[in-house]
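Chemist:
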Amino acid sequence: MPSSIASSIVELWRQMPWHVTHLAVRARQGIWVPLKERTRPDGRFSVFPLLQHLEINGIETTRVVSDIIRVVLKRCGARKIRVEGRTGYRKSKKPPVLHRLDISCPLTSSQRRTLLALSECGALAVYLSVSGERARYVPSDGDSNDDSDGSDGEEEDNSSGDDDGVVYI
1 MPSSIASSIV
11 ELWRQMPWHV
21 THLAVRARQG
31 IWVPLKERTR
41 PDGRFSVFPL
51 LQHLEINGIE
61 TTRVVSDIIR
71 VVLKRCGARK
81 IRVEGRTGYR
91 KSKKPPVLHR
101 LDISCPLTSS
111 QRRTLLALSE
121 CGALAVYLSV
131 SGERARYVPS
141 DGDSNDDSDG
151 SDGEEEDNSS
161 GDDDGVVYI
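Quick note on numbering: UniProt numbering labels position 2 of the sequence shown as 2, and the sequence is numbered without any gaps.
1. Quick check on Ser8: buried or exposed, where buried means 16 or more other Cβ atoms within 10 Å of its Cβ?
2. Cutting at 6 Å between CB atoms, please list the residues of its own chain near Val72, excluding the five before and the five after it.
3. Kindly indicate which residue of Arg28, Val97, Ile68 has the alpha-carbon position closest to the one of Gly77.
4. Measure the C-alpha to C-alpha separation of Leu54 and Ser109 and round it to an integer number of angstroms.
5. Give me the DSSP bridge partner(s) of Val25.
6. Do you know offhand how far Asn57's Cα is from Cys105's?
7. Cβ atoms of Arg86 and Cys121: under 8 Å apart, would you say?
Next comes the structure, spelled out in structure tokens:
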């Protein structure tokens, strides 16, 4: 079933390649593969290149949330930074493609901190809803220090100490 959903996403893209700026999908494992690939020579995404607002609901496992976070990190243009053992995110200098994420599911504390850092550094507006309640902006709550954020390992080493604009998780 996951591959048929991913196929449906690709089929929708073929019908409306340049027009989709807002996509609402029910999350399933495997749906994210066509959304995360950059296959155009200019570095843009080949599937829904103008996607600015992504709404996700119906997530059943935290593993799927980790897949979503990988896609979001690529599409919002945030850079993962490591400074003296601390991990954070910085807004990219390139204009982002994805501007807003609405996500309706339970999150681990690490996933919540990662999304919060993306929001606080200005890379992405994150709205969270739980139990069918209306989406709300993700507030800062100073969670603790689990370092498994579900990212794909793409990071910069910022040993120079210049951490302007970096929000640590």
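Here a beta-carbon is modelled for each residue, glycine too, at the ideal position from N, C-alpha and C.
Just so we're clear, the structure is a prediction, and the values are computed from it rather than from any experiment.
Modeler: Taking the geometry as given:
1. The count along the sequence shown starts at 1 and reaches residue 8 at position 8. Exposed, since its Cβ has fewer than 16 Cβ neighbours within 10 Å.
2. Working through the sequence shown from its first residue, we reach residue 72 at position 72. For Val72, where only same-chain residues beyond five positions count, the Cβ hits under 6 Å are Leu101.
3. Stepping through the sequence shown from its first residue, residue 77 is reached at position 77. Taking each of Arg28, Val97, Ile68 in turn and checking the Cα distance to Gly77, the smallest one comes out for Val97.
4. Residue mapping note: residue 54 aligns to position 54 of the sequence shown, counting from 1. Residue mapping note: residue 109 aligns to position 109 of the sequence shown, counting from 1. In a straight line, the C-alpha of Leu54 is about 21 Å away from that of Ser109.
5. Taking the first residue of the sequence shown as position 1, residue 25 is located at position 25. Here Val25 is bridged, per DSSP, to Ile56.
6. Your numbering for residue 57 matches position 57 in the sequence shown. Your numbering for residue 105 matches position 105 in the sequence shown. C-alpha of Asn57 to C-alpha of Cys105: approximately 7 Å in a straight line.
7. Along the sequence shown, read from residue 1 onward, the residue named residue 121 stands at position 121. Along the sequence shown, read from residue 1 onward, the residue named residue 86 stands at position 86. Between Cys121 and Arg86, the C-beta gap is not smaller than 8 Å, which leaves the two residues out of contact.
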